[in-house]
Amino acid sequence: ANIRAHESANNPEIYNVVDGNSLKSSKNLGKPLLTDKTFSQIMQIQQNGVIDSLEYRIEINNKLKNPFATGLYQIIPDTMKYVLSILPELSNLPYSEENQHIAAAVLIIDKRPEMGDYLLGYGVGEEAKLSAAQAWAREWAYAPTQIDLRAGADGTWPKYDIRRGDSYYSGAGGNRSGTDPNDIISAL
46 ANIRAHESAN NPEIYNVVDG NSLKSSKNLG KPLLTDKTFS QIMQIQQNGV IDSLEYRIEI
106 NNKLKNPFAT GLYQIIPDTM KYVLSILPEL SNLPYSEENQ HIAAAVLIID KRPEMGDYLL
166 GYGVGEEAKL SAAQAWAREW AYAPTQIDLR AGADGTWPKY DIRRGDSYYS GAGGNRSGTD
226 PNDIISAL
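Numbering (the working numbering), first residue to last: 46 to 233.
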């Protein structure tokens, strides 16, 4: 249930673009490494596709698409903004593997406190474990949901009715579950 193995195959340089209903992956295609950029620069790349006159967009169907999800944990633009709002000190630090791990810790501990609390020993019992696993599924698309959910059960998400084992983000950007729900429970 290793998050980065599922999200990026442990590649801190990978980025994806949204192509209709699927994600297309690419390495940097001869561009300077993402890990040589700062978090702020990665955010600019996600917004504009270009930084310092260097093109990071990927051509798909004769259209240039901006990078969407980046790095080990496939951090998307809104999530990047969240991480930097909680830990602005990351803004001018390199998007290194180590700093990407720090960003993931912010997501686990601050954005998904059910997961962080359980991992830190504050949440105990099966209900806390289930809540942590469900928080995991809400943060990373590969992680399967632990329960059936109706479309819009959490406001906007999920987009469609989903069953236990489906990705919380099924039907968006080609997302699908990458493991069994019991693997997530076992990892916790």
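By construction, the Cβ of each residue, glycine as well, lies at the ideal position given by its N, Cα and C atoms.
Given this structure, state the Cα-to-Cα distance separating residue i from residue j, to the nearest angstrom.
i, j, result
"residue 62", "residue 164", "32 Å"
"residue 100", "residue 167", "45 Å"
"residue 46", "residue 175", "Bear in mind that the predicted position of residue 46 carries a pLDDT of just 49, short of 50, making it too unreliable to give a figure here."
"residue 180", "residue 213", "10 Å"
"residue 86", "residue 96", "7 Å"
"residue 172", "residue 205", "25 Å"
"residue 76", "residue 98", "11 Å"
"residue 215", "residue 208", "10 Å"
"residue 126", "residue 88", "8 Å"
"residue 51", "residue 223", "7 Å"
"residue 111", "residue 198", "30 Å"
"residue 79", "residue 124", "17 Å"
"residue 158", "residue 170", "16 Å"
I'd like the list of long-range same chain contacts for residue i, defined as Cβ closer than 8 Å, with 5 residues on each side in sequence excluded.
i, result
"residue 113", "60, 61, 62, 63, 68, 91, 121, 122 and 218"
"residue 138", "83, 84 and 144"
"residue 230", "174, 175, 178 and 191"
"residue 202", "183, 213 and 214"
Select from the options the residue whose C-alpha is nearest the C-alpha of residue i.
i, options, result
"residue 194", "211, 162 and 186", "211"
"residue 129", "232, 56, 158 and 148", "148"
"residue 142", "199, 172 and 53", "53"
"residue 225", "186, 126, 89 and 80", "186"
"residue 227", "159, 177, 156 and 89", "177"
"residue 220", "183, 111, 127 and 88", "183"
Sorted by chain position, which residues of the same chain lie with C-beta nearer than 6 Å to residue i's C-beta, five sequence neighbours on each side aside?
i, result
"residue 162", "168"
"residue 82", "140"
"residue 55", "49"
"residue 200", "none"
Near residue i, which residues of its chain fall below 7 Å by C-beta distance, leaving aside the five closest residues on each side in sequence?
i, result
"residue 145", "57, 116, 117 and 118"
"residue 160", "153, 177, 180 and 181"
"residue 196", "203, 204, 205 and 206"
Report, in whole angstroms, the separation of the C-beta atoms of residue i and residue j, which I expect to be a contact under 8 Å.
i, j, result
"residue 74", "residue 94", "That belief does not hold up - the Cβ atoms of residue 74 and residue 94 are roughly 13 Å apart, past 8 Å."
With contact counted as at least three CB pairs below 8 Å, one residue from each stretch, are the stretch 190 to 207 and the stretch 145 to 152 in contact? By the C-beta criterion, the stretch 190 to 207 is judged not to be in contact with the stretch 145 to 152, since fewer than 3 inter-stretch pairs fall below 8 Å.
Using 8 Å as the Cβ pair cut-off and three pairs as the minimum, do the stretch 100 to 111 and the stretch 129 to 139 touch? no
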